[in-house]
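Number of protein chains: 2
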Amino acid sequence: MKKTVHVDLGSRSYEIVIAPELIQNSRTYLEPIIEGKRVAVVSDPWVSRNYQELLKNTLDPITSRWDLYLIQEGEDAKSFGCLEGLLDKMLADGIDRQCLVIAFGGGVVGDVAGFAAALLMRGIELIQIPTTLMSQVDSSVGGKNAINTRQGKNLVGSFLQPKIVLNDVSILSSLPANEMKSGYGEILKYGLLRGDKEFVWMEKNLSAIMNHDRDALVEVIRMGCETKASIVSEDERDKGKRALVNLGHTFAHAFETFAGFGRFQHGLSVGLGVIAAGLLSEKTGFCPEGITDRVKKHADDAGMPISLQSLHSETTWIKEELYQKMMHDKKTVNGRINFVLLEELGKPFVCNTVCKEMVLETLAEIGAV
Amino acid sequence: MKKTVHVDLGSRSYEIVIAPELIQNSRTYLEPIIEGKRVAVVSDPWVSRNYQELLKNTLDPITSRWDLYLIQEGEDAKSFGCLEGLLDKMLADGIDRQCLVIAFGGGVVGDVAGFAAALLMRGIELIQIPTTLMSQVDSSVGGKNAINTRQGKNLVGSFLQPKIVLNDVSILSSLPANEMKSGYGEILKYGLLRGDKEFVWMEKNLSAIMNHDRDALVEVIRMGCETKASIVSEDERDKGKRALVNLGHTFAHAFETFAGFGRFQHGLSVGLGVIAAGLLSEKTGFCPEGITDRVKKHADDAGMPISLQSLHSETTWIKEELYQKMMHDKKTVNGRINFVLLEELGKPFVCNTVCKEMVLETLAEIGAV
Numbered sequence: 003m004k005k006t007v008h009v010d011l012g013s014r015s016y017e018i019v020i021a022p023e024l025i026q027n028s029r030t031y032l033e034p035i036i037e038g039k040r041v042a043v044v045s046d047p048w049v050s051r052n053y054q055e056l057l058k059n060t061l062d063p064i065t066s067r068w069d070l071y072l073i074q075e076g077e078d079a080k081s082f083g084c085l086e087g088l089l090d091k092m093l094a095d096g097i098d099r100q101c102l103v104i105a106f107g108g109g110v111v112g113d114v115a116g117f118a119a120a121l122l123m124r125g126i127e128l129i130q131i132p133t134t135l136m137s138q139v140d141s142s143v144g145g146k147n148a149i150n151t152r153q154g155k156n157l158v159g160s161f162l163q164p165k166i167v168l169n170d171v172s173i174l175s176s177l178p179a180n181e182m183k184s185g186y187g188e189i190l191k192y193g194l195l196r197g198d199k200e201f202v203w204m205e206k207n208l209s210a211i212m213n214h215d216r217d218a219l220v221e222v223i224r225m226g227c228e229t230k231a232s233i234v235s236e237d238e239r240d241k242g243k244r245a246l247v248n249l250g251h252t253f254a255h256a257f258e259t260f261a262g263f264g265r266f267q268h269g270l271s272v273g274l275g276v277i278a279a280g281l282l283s284e285k286t287g288f289c290p291e292g293i294t295d296r297v298k299k300h301a302d303d304a305g306m307p308i309s310l311q312s313l314h315s316e317t318t319w320i321k322e323e324l325y326q327k328m329m330h331d332k333k334t335v336n337g338r339i340n341f342v343l344l345e346e347l348g349k350p351f352v353c354n355t356v357c358k359e360m361v362l363e364t365l366a367e368i369g370a371v
Numbered sequence: 003m004k005k006t007v008h009v010d011l012g013s014r015s016y017e018i019v020i021a022p023e024l025i026q027n028s029r030t031y032l033e034p035i036i037e038g039k040r041v042a043v044v045s046d047p048w049v050s051r052n053y054q055e056l057l058k059n060t061l062d063p064i065t066s067r068w069d070l071y072l073i074q075e076g077e078d079a080k081s082f083g084c085l086e087g088l089l090d091k092m093l094a095d096g097i098d099r100q101c102l103v104i105a106f107g108g109g110v111v112g113d114v115a116g117f118a119a120a121l122l123m124r125g126i127e128l129i130q131i132p133t134t135l136m137s138q139v140d141s142s143v144g145g146k147n148a149i150n151t152r153q154g155k156n157l158v159g160s161f162l163q164p165k166i167v168l169n170d171v172s173i174l175s176s177l178p179a180n181e182m183k184s185g186y187g188e189i190l191k192y193g194l195l196r197g198d199k200e201f202v203w204m205e206k207n208l209s210a211i212m213n214h215d216r217d218a219l220v221e222v223i224r225m226g227c228e229t230k231a232s233i234v235s236e237d238e239r240d241k242g243k244r245a246l247v248n249l250g251h252t253f254a255h256a257f258e259t260f261a262g263f264g265r266f267q268h269g270l271s272v273g274l275g276v277i278a279a280g281l282l283s284e285k286t287g288f289c290p291e292g293i294t295d296r297v298k299k300h301a302d303d304a305g306m307p308i309s310l311q312s313l314h315s316e317t318t319w320i321k322e323e324l325y326q327k328m329m330h331d332k333k334t335v336n337g338r339i340n341f342v343l344l345e346e347l348g349k350p351f352v353c354n355t356v357c358k359e360m361v362l363e364t365l366a367e368i369g370a371v
């Protein structure tokens with residue numbers, strides 16, 4: 003089974019191809035883009051150790067030369083130092099504006115490689131081959147890239163749309179359970195953004211997805227990519243509608259900055275954030291009661307945390323301080339927090355008039371004191 | 003006298019306003035853009051010492067807050083370290099996506115401030131107030147920004163179109179003679195790109211320009227900006243026609259990398275590069291003889307170097323090595339150097355089929371051994 007999602011961005015449009023065993027069969031897709039040029043593959047040690055051979059067989063005959071650039075695993079690679087080191091190495095090797103960058107790895111590789119491609123000679127071509135559920139379903143769509151600074155995550159970055167995204171679901175079978183759950187946090191979000199039909203499908207197919215069933219994975223990744231693609235194509239530069247893909251993220255970012263980054267996976271935080279957004283939607287009266295219970299049950303079935311304690315038991319979660327973190331979110335404007343709320347499944351909207359008490363009550367309901 | 007150049011880039015279009023005493027009278031232009039928001043002014047110690055008061059009077063009543071960020075003077079500021087330091091300081095101060103950056107200084111300030119604005123939260127709004135002839139006539143048009151790496155100049159950068167550019171010609175009266183000559187190197191280039199009528203005007207008005215006559219400055223800066231704007235609006239991302247604004251630059255970059263950066267002003271190198279491009283155009287038979295003599299005389303009248311010795315007498319200029327530098331120019335593709343040549347004044351074109359001997363002969367004619 004193979005699915006294709008078209009990301010409609012005028013002259014920057016591209017395809018996302020989703021299929022099993024895609025890397026070894028990617029020549030059809032890559033050859034017309036690479037056209038014999040030189041390629042810089044950016045990856046991390048784990049991915050390259052396990053999958054470099056697959057890529058090598060495809061790249062050898064269709065490139066004039068390709069080199070592997072490894073960045074360290076984990077969020078620490080999203081730093082100025084790592085970016086500068088990568089750019090410096092590429093330039094010293096003679097990478098020029100005719101070359102292409104392939105981001106081959108998870109979200110961190112996608113961010114650093116995408117940022118490097120955006121800045122080299124003010125932008126060279128980029129191909130994304132994401133290797134985690136999280137990056138396939140979410141971070142590979144929309145052209146955003148960024149690094150972290152001491153003030154927060156993703157505060158410095160740019161936009162560069164790839165020429166193509168290849169989502170090989172076979173590669174996901176080696177993903178640890180926690181990484182699958184983390185990716186599923188974003189999928190949960192897309193299910194809620196889409197509507198009841200998709201959410202029912204997810205309820206039915208949850209165990210197939212978590213057990214790496216290829217058809218189920220292709221379908222659910224298509225759903226996520228298509229949802230994000232349709233939003234991004236209306237608002238590439240994140241000036242309005244793209245805010246909707248932040249459902250759950252105002253909460254999730256507060257959880258992460260309060261506990262300290264790296265204590266738990268981003269997607270797990272998003273999953274719980276989505277539940278909190280549902281609770282807040284009910285509390286404010288926008289959304290009928292009951293929907294969030296269903297979402298909570300689904301997250302629980304997926305093995306995802308449904309309370310702050312199960313997200314990270316060593317943290318004492320203080321609601322007032324979590325609220326202060328939200329006040330300092332980069333999307334908070336003039337002290338008004340921008341929440342994405344739901345009227346019902348498939349009907350999200352941005353609301354910046356939620357009163358503090360309701361947010362604190364919501365945080366209490368998921369375990370904050 | 004006031005002139006306005008419209009840079010037509012669809013939703014990213016903007017105006018360049020050129021007038022004397024513009025900074026103290028800029029409220030009309032800045033207020034609708036700033037709308038009471040917070041502003042980060044990036045400048046260097048010299049400019050801020052001399053002109054901060056003018057800007058302060060305009061900004062105080064129309065911003066909620068404004069802060070001054072100083073970067074060091076000179077090309078060394080175009081580094082990763084300086085960029086990182088600036089971004090870090092802005093973020094620590096709470097600069098968010100609602101804030102604007104004003105680049106207030108010469109080309110270096112424009113590059114670093116523009117790059118910082120492009121990367122902060124993936125792009126916040128930018129206003130340019132260039133304070134040198136070079137930056138008013140050239141680097142403030144077209145949205146390019148960059149820093150240098152150990153491999154070369156401007157190899158890492160991005161695009162960010164400003165909301166407005168304010169070119170205050172009064173500020174140029176304090177510019178040292180060598181800075182005026184350097185800016186004039188780019189003006190010379192635009193004169194040749196435009197045609198005989200403009201070049202005749204420049205021949206007549208040269209001494210007025212060099213003596214800071216305001217009307218002559220407004221007119222010649224308008225001519226330069228308009229020429230670049232019309233090219234950039236056809237090719238914002240530098241994929242084709244924008245190459246024409248590189249007339250003289252393949253030579254100029256080779257002179258600079260061979261001698262070592264900072265030995266002489268960029269614009270002086272460009273002026274001599276333009277002469278070399280003219281000589282090469284005649285040698286290849288594309289351009290009738292005589293035009294370059296006229297250009298050379300004009301450059302000489304402007305007090306600009308018309309030989310490599312007068313550009314930098316301490317350097318032994320070796321033509322073979324200069325040629326090798328051109329081979330490694332970032333615009334050289336597959337070993338083919340892209341020269342911008344002239345058929346006549348006002349008729350530039352890109353040529354990548356010039357044989358090596360003709361280039362070496364040209365270099366010899368301007369003093370290389």
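In order, the protein sequences belong to chains A and B. Start counting the first sequence at 3; every next residue gets the next number (our numbering). Start counting the second sequence at 3; every next residue gets the next number (our numbering). We put the CB at the ideal spot given by N, CA and C, even for glycine. Note that the structure is predicted; figures quoted are calculated from it, not measured.
### Message
Using CA atoms only, rank isn't needed, just tell me which of 106(B), 311(B), 168(B) is closest to residue 74(B).
### Response
Looking from the CA of residue 74(B), the closest CA among 106(B), 311(B), 168(B) belongs to 106(B).
### Query
With a cut-off of 8 Å, does the C-beta of residue 259(A) fall near any C-beta of chain B?
No, residue 259(A) does not count as interfacial toward chain B.
### Query
So is residue 10(B) buried or exposed if we call it buried at 16+ other beta carbons inside 10 Å?
So residue 10(B) counts as exposed.
### Task
Please determine if the stretch 156-164 of chain B and the stretch 117-129 of chain B are in contact, where contact requires at least 3 C-beta pairs separated by less than 8 Å.
Yes, the stretch 156-164 of chain B touches the stretch 117-129 of chain B.
### Task
Identify every run of the beta strand (DSSP E) within the stretch 205-284 of chain A, keeping only runs that are complete inside it and at least 3 residues long; order them along the chain.
Runs of the beta strand (DSSP E) inside the stretch 205-284 of chain A: none found.
### Query
Checking contacts by CB at 8 Å: is residue 100(A) closer than that to chain B?
Between residue 100(A) and chain B, the shortest Cβ-Cβ separation is below 8 Å.
### Message
Contact defined as beta carbons within less than 8 Å: I believe residue 275(A) pairs with residue 344(A). What is the distance between those atoms, to the nearest angstrom?
### Response
For residue 275(A) against residue 344(A), the beta-carbon gap comes to about 13 Å, at or over 8 Å, which does not count as contact.
### For residue 349(A), the three-state DSSP class (helix, strand or coil)
Residue 349(A) falls in the coil class under three-state DSSP.
### Message
Tell me the residue span of the alpha helix (DSSP H) that contains residue 122(A).
### Response
Taken as a continuous stretch (DSSP letters only), residue 122(A) belongs to no alpha helix (DSSP H), as it is neither H nor E.
### Message
For the alpha helix (DSSP H) containing residue 358(B), name the first residue and the last one.
### Response
It spans 358-367 - the alpha helix (DSSP H) in which residue 358(B) sits, taken as one unbroken run.
### Task
Pull up the distance between the alpha-carbon of residue 352(A) and that of residue 7(A), whole angstroms please.
Going by the C-alpha atoms only, they are around 26 Å apart.
### Query
How close, in whole Å, do the beta carbons of residue 20(A) and residue 5(A) come, if the pair is a contact with beta carbons under 8 Å?
For a cut-off of 8 Å, the C-beta gap from residue 20(A) to residue 5(A) is around 5 Å, short enough to register as a contact.
#### Entry: Residues from the stretch 66-87 of chain A in contact with chain B, defined by Cβ distance under 7 Å
If the cut-off is 7 Å between Cβ atoms, the stretch 66-87 of chain A has 82, 86 near chain B.
### Query
So with Cβ pairs under 8 Å, would you call residue 153(B) a contact of chain A?
Interface flag for residue 153(B) against chain A is set, since a Cβ pair is found closer than 8 Å.
### Message
Let me check understanding here. Comparing Cα to Cα, which of 81(B), 219(B), 90(B), 361(B) lies closest to residue 86(A)?
### Response
When C-alpha distances from residue 86(A) are compared across 81(B), 219(B), 90(B), 361(B), the shortest belongs to 81(B).
### Query
Candidates 178(A), 137(A), 369(A), 332(A): which alpha carbon is nearest residue 212(A)'s?
Nearest option by C-alpha distance: 178(A).
### Query
Hey, how far is the Cα of residue 69(A) from the Cα of residue 370(B)?
Take the alpha-carbon of residue 69(A) and the one of residue 370(B): they are about 38 Å apart.
### Task
List the residues of chain B that residue 177(A) touches, going by C-beta distances under 8 Å, in chain order.
The premise fails here: residue 177(A) is roughly 28 Å from chain B at the closest Cβ pair, so nothing lies under 8 Å.
### Query
Under the three-state reduction of DSSP, which class applies to residue 82(B): helix, strand or coil?
Reduced to three states, the DSSP call for residue 82(B) is helix.
### Query
Would you call residue 176(A) buried or exposed, if buried means 16 or more other Cβ atoms sit within 10 Å of its Cβ?
With fewer than 16 other CB atoms across the displayed protein chains lying within 10 angstroms of its CB, residue 176(A) is exposed.
### Query
For the beta strand (DSSP E) that residue 67(A) lies in, which residues bound it at each end?
Looking at the DSSP string, the run of the beta strand (DSSP E) that includes residue 67(A) is 67-72.
### Query
Quick one: is residue 124(A) buried, meaning 16 or more other Cβ sit within 10 Å of its Cβ, or exposed?
Residue 124(A) should be labelled buried.
### Within 8 Å, strictly: CB atoms of residue 242(A) and residue 191(A)
8 Å or more divides the Cβ of residue 242(A) from the Cβ of residue 191(A).
### Task
Determine the burial state of residue 273(A): buried for a count of at least 16 other Cβ atoms within 10 Å of its Cβ, exposed for fewer.
Buried, because 16 or more other Cβ atoms sit within 10 Å of the Cβ of residue 273(A).
### Nearest-angstrom Cβ-Cβ length linking residue 364(B) and residue 278(B), presumed shorter than 8 Å
Contact check for residue 364(B) and residue 278(B): beta-carbon distance about 5 Å, within the 8 Å limit, so the pair qualifies.
### Message
For residue 159(A), would you say it is in contact with chain B, using Cβ-to-Cβ distances shorter than 8 Å as the test?
### Response
At least one chain B Cβ lies under 8 Å of residue 159(A).
### Query
Under the three-state reduction of DSSP, which class applies to residue 372(B): helix, strand or coil?
Past the boundaries of the shown model lies residue 372(B); chain B is included only from 3 to 371, so the question cannot be answered.
### Beta carbon of residue 259(B) nearer than 8 Å to that of residue 154(B)
A Cβ-Cβ contact shorter than 8 Å links residue 259(B) with residue 154(B).
### Query
At least one CB of chain A closer than 8 Å to the CB of residue 91(B): is that the case?
The beta carbon of residue 91(B) does not come within 8 Å of any beta carbon belonging to chain A, so the residue lies off that interface.
### Message
With distance defined between alpha-carbon atoms, name the residue in 325(A), 185(A), 234(A), 286(A) nearest to residue 12(A).
### Response
Ranking 325(A), 185(A), 234(A), 286(A) by Cα distance to residue 12(A) puts 234(A) first.
### Query
What residues of chain A sit near residue 143(B), judged by a beta carbon separation below 9 Å?
Neighbours of residue 143(B) on chain A: none; closest Cβ ~15 Å, over 9 Å.
### Query
How far does the alpha helix (DSSP H) with residue 370(A) in it reach, from first residue to last?
Bounds of any alpha helix (DSSP H) do not take in residue 370(A), whose DSSP letter is neither H nor E.
### Task
Specify, as a first and last residue, the run of the beta strand (DSSP E) that residue 17(A) falls within.
Membership of residue 17(A) in the beta strand (DSSP E) is indicated by the continuous run 16-21.
### Query
Listed from N- to C-terminal order along the chain, which residues in the stretch 105-131 of chain A have their beta-carbon within a distance smaller than 8 Å of any beta-carbon of chain B?
Those would be 120, 121, 122, 123, 124, 125, in chain order.
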